[in-house]
């Protein structure tokens, strides 16, 4: 069976703020590591995990990136658009920028964009993106 995992499952697993839900999430990840179930998640889930950890739990950016790397390393878990997400994580870590901004920069590069139109000029420029003047 293939099961898509939402952000709240990862959040309960990592934050331990609900013991019952943490154990259910841990059991799901154990099942996946044993091959009983195939898990899938996507970049929007990673965005939500990152935002929630920073905004609601006050987790520093570097620790948030560590959590995202740990998610990608879960046995039995596949990520849609994995190469792009992995590139964005590396870029975020190397530049000390947010994962979402790094994902935008990586997406622009992967799409062959010559420039990015944004009002978030400083962060995208620090991520190496050429900016479109408008």
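In our numbering, the protein residues as written are 1 to 134.
In this text, a Cβ means the ideal position worked out from N, Cα and C, and glycines have one as well.
Nothing here was measured: the structure is a model prediction, and the numbers come from that model.
Asked, Found
"Alpha helix (DSSP H) segment containing residue 52, residue limits", "43-55"
"Spatial distance of residue 56 from residue 50 (CA atoms)", "10 Å"
"Whole-angstrom distance between residue 89 and residue 76, CA atom to CA atom", "20 Å"
"First and last residue of the uninterrupted alpha helix (DSSP H) at residue 4", "From DSSP, residue 4 is part of no alpha helix (DSSP H) but of the beta strand (DSSP E) over 2-4."
"The region 66-81 in contact with the region 33-53 per 3-pair CB rule at 8 Å", "yes"
"Where residue 133 falls: helix, strand or coil (DSSP)", "coil"
"Three-way DSSP call (helix, strand, coil) for residue 66 in this model", "helix"
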